[in-house]
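Per the numbering used here, the sequence shown starts with residue -11, numbered consecutively. In this text, a Cβ means the ideal position worked out from N, Cα and C, and glycines have one as well. Okay, so here's the structure we're looking at.
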Amino acid sequence: MSNMALPVRNSRLVLVLTTILLQFISSNVHAYPDGAPKEACADAAPQHHTTDGEIIEPHEGPSPYSFTVDSKEYKIGHKITVTIEGSQAYGGFLIQARSVGGQEPVGHFSSLPDNAQLRGCMTEDDGVTHTSPDDKLPGIMFMWHTKKDVGTIEFFGTVAQDHDVFWTEIKSSEIQHKTESKIRHLKFDATEDEFHHLEDKATSAWKTLLRNRTMALEDLYRKHRQLHN
């Protein structure tokens, strides 16, 4: 009886191991179907693995996808539109705004379509990613804004055609912060000494203008009297 039980136990063991293996393979084939993980925040790259557990490297060559914006400048509190463009459908993405040369996301995303969700890194809304691995057509748009001057920025991220094929470090054109007028800049950014110096120069110029105007009026008055005497 013990000899008959041994094959049964072995069969059950094989079944359990097979189930575990299939679950492992499934979890890797469909890695992160509901969006990029927070661990991807640093380099915005997906953490996809082969069935052997090896990291899948980004696809080499030019990306068929790009990030476009509707403005070359941004103003604090004003929204700009970011669009994923491309010639092919894709399954996943992760986008952040970064100061040029910086490593951390800045600003805030909003007005997302149904197939996108926020993916917070430094704050809860400084990144955006997909909600499912379903094919998406190019043209998905998001709104972005900032509450402070974060310098010149660019949109940075990854687009995945599928689990095994993706492009990283895709960048938009640079967007500059639209500064205030020169007069307002001087008014708010000048030091106290610089402000008083500007004030003294303005006062001196006004006094000179007033003195010249007074002298001209006095000269005109003298000529008028001479004509009538």
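Looking at the DSSP output, S98 shares a beta bridge with M131. Taking a cut-off of 8 Å for Cβ pairs, the segment 69 to 84 and the segment 123 to 139 touch, as three or more such pairs fall below it. The residue from Y62, L197 and A77 with its alpha-carbon nearest to that of S87 is Y62. Distance from the CA atom of E92 to the CA atom of T134, rounded to whole angstroms, is 14 Å. In this structure, DSSP gives E92 a state outside helix and strand, which the three-state scheme calls coil.
With distances taken between CA atoms, S54 lies nearest to Q76 out of Q76, H36 and P46. With 16 or more other CB atoms across the displayed protein chains lying within 10 angstroms of its CB, R107 is buried.
Using a C-beta cut-off of 8 Å, the segment 77 to 86 makes contact with the segment 142 to 162, since at least three inter-stretch Cβ pairs fall below that distance. Shown here, E206 sits in a helix according to DSSP, grouped into three states. CA-CA distance, T196 to Q164, rounds to 41 Å. DSSP, read as helix, strand or coil, puts S51 in coil. DSSP, read as helix, strand or coil, puts S161 in coil.
Bounds of the beta strand (DSSP E) holding R86 are G80 to S87. Assignment of H185 by DSSP, reduced to helix, strand and coil, places it in the helix class. When DSSP states are grouped into helix, strand and coil, K166 belongs to the coil group. For F154 against P50, the beta-carbon gap comes to about 14 Å, at or over 8 Å, which does not count as contact.
Straight-line spacing of the CA atoms in M110 and V138 works out to 14 Å.
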